[in-house]
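First comes the structure, then the notes that go with it.
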Amino acid sequence: MSVDTLNEVHKSVKTDLYRHHDYYAIDDLLTEEHLIIRESVQSWVKQEISPIIEDYAQRAEFPKQIIKGLGEIGAFGPFIPEEYGGSGLDQISYGIIMQELERGDSGIRSTASVQGSLVMFPIYTFGSEAQKHKYLPKLATGEMMGCFGLTEPNHGSNPSGMETYFKDDGDHVILNGAKMWISNAPFADIAVVWAKNPEGKIQGIIVERGMEGFTTPTTHGKWSLRASATGELVFDNVRVPKENILPGVASLRGPLTCLSSARYGIAWGAIGAAIDCYDSALRYSKERIQFGKPIGGFQLMQKKLAEMITEITKAQLLAWRVGNLKEQHKATPAQISMAKRNNVNMALEIAREARQIHGGMGITGEYPIMRHMMNLESVITYEGTHDIHLLITGHDITGLQAFK
Ligand code: TGC
Ligand code: FAD
3 MSVDTLNEVH KSVKTDLYRH HDYYAIDDLL TEEHLIIRES VQSWVKQEIS
53 PIIEDYAQRA EFPKQIIKGL GEIGAFGPFI PEEYGGSGLD QISYGIIMQE
103 LERGDSGIRS TASVQGSLVM FPIYTFGSEA QKHKYLPKLA TGEMMGCFGL
153 TEPNHGSNPS GMETYFKDDG DHVILNGAKM WISNAPFADI AVVWAKNPEG
203 KIQGIIVERG MEGFTTPTTH GKWSLRASAT GELVFDNVRV PKENILPGVA
253 SLRGPLTCLS SARYGIAWGA IGAAIDCYDS ALRYSKERIQ FGKPIGGFQL
303 MQKKLAEMIT EITKAQLLAW RVGNLKEQHK ATPAQISMAK RNNVNMALEI
353 AREARQIHGG MGITGEYPIM RHMMNLESVI TYEGTHDIHL LITGHDITGL
403 QAFK
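Taking the working numbering, the leading residue of the sequence shown gets 3, the next gets one more, and so forth.
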């Protein structure tokens, strides 16, 4: 049986029974447009992601055919103005889209986060007018895909130590170095790469697939984010035109500003993974009979479920509030760190508890729990680890830096 036929079979038998949970009537804080966006992305995920995602995750393959659909639903850079191909949506809308995509799978949300916050956002914020017109409209539709190269083999949490550099060569620069753990790298058409310029300052440069000396080896053997493609970026004397350098920033502030946008989206995204686990666990607890009654009727099960919805509700409020602050350009990087750290950790703990509620069934692909749980191990590490975000809060409240 071909892979396509197998997908069709799974599409027909797997039904996504998810429904949104809103214990504190947070929907009252949203606009009509927000609710319509949530409804439409949710039904797209039910139709296009839920039926196939388990197979792709099991095979450790990214479902490339969904790229067009992601573009059509406006998942790539929804906050980018319409004149550059975006939808000009607000920050809460962006968060809602990330939440619904991650409800399907963190790897799918990753693809959209990288494209929107880490490729389109830096080109929009730090790029020249020519770069914006050349790349943004194609990135918005998915006709062109991008990746973001910051992390290196020897520099993860501490990107300021990066070794990748470029030197001057007339109207070109020569780029050397390597990036590691790069989402979308194996299939990306362009990479926004952060490298040191001849003055030792960090600048963004757009490297295009096909440039001589540029390769993107795939990273194999992941137990997490298996439906997302991860790879390396290797630069061996790559000649890049100077017009590909992002002119608007020459400091670590450049990539970190992009991370603030992506981390914000993840604060919402993690809620999606958590609610999916809760939704599945709640349903299972009412259906599964042991000792003559539904397991949801036992106090220990109710403790788990009640704590889950409490934590989800707190996370929803945190995401909504930081979204509002962001919309008013008032959200600080440290506030975003707190939301990313809290919400991802919350989702991971809920996934672990949901796994217990499903008993043995919880380890199978019949339920989304184990996939979410394993995905979240990456989410709690990338875009700044759990501990790095704690140190960012520590620095912010004490004024004392504990990184170095
Ligand atoms: P530090 O001296 O604190 O800052 C350097 C400059 O940057 C500014 N800044 C920020 N600006 C905007 N947003 C933020 N979040 C910012 N954080 C800092 C800062 O004001 C300063 O500006 P200026 O103008 O004075 O130069 O830098 P540091 O070297 O001490 O580092 C601080 C630290 C450790 C917090 C930072 O390096 C860090 O966040 N490390 C974690 C690295 C990280 O998150 N890597 C993520 C890689 S990308 C990724 O994981 C994508 S996964 C995508 C997916 O699949 O979804
Ligand atoms: P390290 O920095 O080596 O950290 C190891 C441990 O030490 C962690 O627990 C950390 O918290 C701790 N630690 C480090 N410094 C301190 C300190 N000062 N005090 C206390 N503890 C500390 N990067 C990109 O640039 N682009 C991408 O698209 C991308 N996608 C990714 C996709 C996946 C699936 C994964 C797993 C990673 C991805 N990353 C990407 C990289 C990711 O951002 C890094 O893995 C992350 O920043 C941590 O870096 P590291 O793995 O080198 O860990």
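Even for Gly, the Cβ is constructed at its ideal location relative to N, Cα and C. Being a predicted model, the structure only gives us computed values, none of them experimental.
DSSP state of residue i, grouped into three classes?
i	result
V11	Note on V11: pLDDT 43, under 50, position unreliable in the model; the coordinate value appears next. Helix.
E313	helix
M182	strand
T395	helix
W225	coil
F330	Per the sequence shown, residue 330 should be read as Gln rather than Phe. Correct three-state label for Q330: coil.
N239	strand
E368	coil
A434	The first residue shown for the chain is 3 and the last is 406, placing residue 434 beyond what the model contains.
L307	helix
T143	helix
F168	strand
F150	strand
E245	helix
Taking only heavy atoms of the ligand FAD into account, decide whether any of them is closer than 6 Å to the Cβ of residue i.
i	result
F150	yes
F78	no
W270	no
Y384	yes
L227	yes
G158	yes
F216	no
Measuring CA to CA, which of the options is closest to residue i?
i	options	result
T315	D24, F81 and L248	D24
I75	L120, I38 and E329	I38
R40	L31, T400 and E102	E102
Y167	F237, D278, A336 and A272	F237
G386	Y20, K198, R265 and D170	R265
L152	S185, A231 and F128	S185
S45	T33, E35, I28 and L19	L19
N160	D389, T218 and D30	D389
E154	G179, K136 and L138	G179
S112	H157, F150 and M372	F150
L319	E104, I28, G148 and G215	I28
Is the separation between the beta-carbon of residue i and that of residue j shorter than 7 Å?
i	j	result
F81	Y58	no
A356	A283	yes
N377	S162	no
W183	P257	no
F78	Q117	yes
L91	M122	no
Can you determine whether any heavy atom of the ligand TGC sits closer than 6 Å to the C-beta of residue i, and answer yes or no?
i	result
V116	yes
R373	no
T153	yes
R40	no
T259	yes
Buried or exposed: residue i, going by 16 or more other Cβ atoms within 10 Å of its Cβ?
i	result
D170	exposed
L227	buried
T366	exposed
K328	buried
L8	Here the model assigns L8 a pLDDT of 44, short of 50, so the residue's position is not dependable, and the following value carries that caveat. The residue is exposed, with fewer than 16 neighbouring Cβ atoms inside 10 Å.
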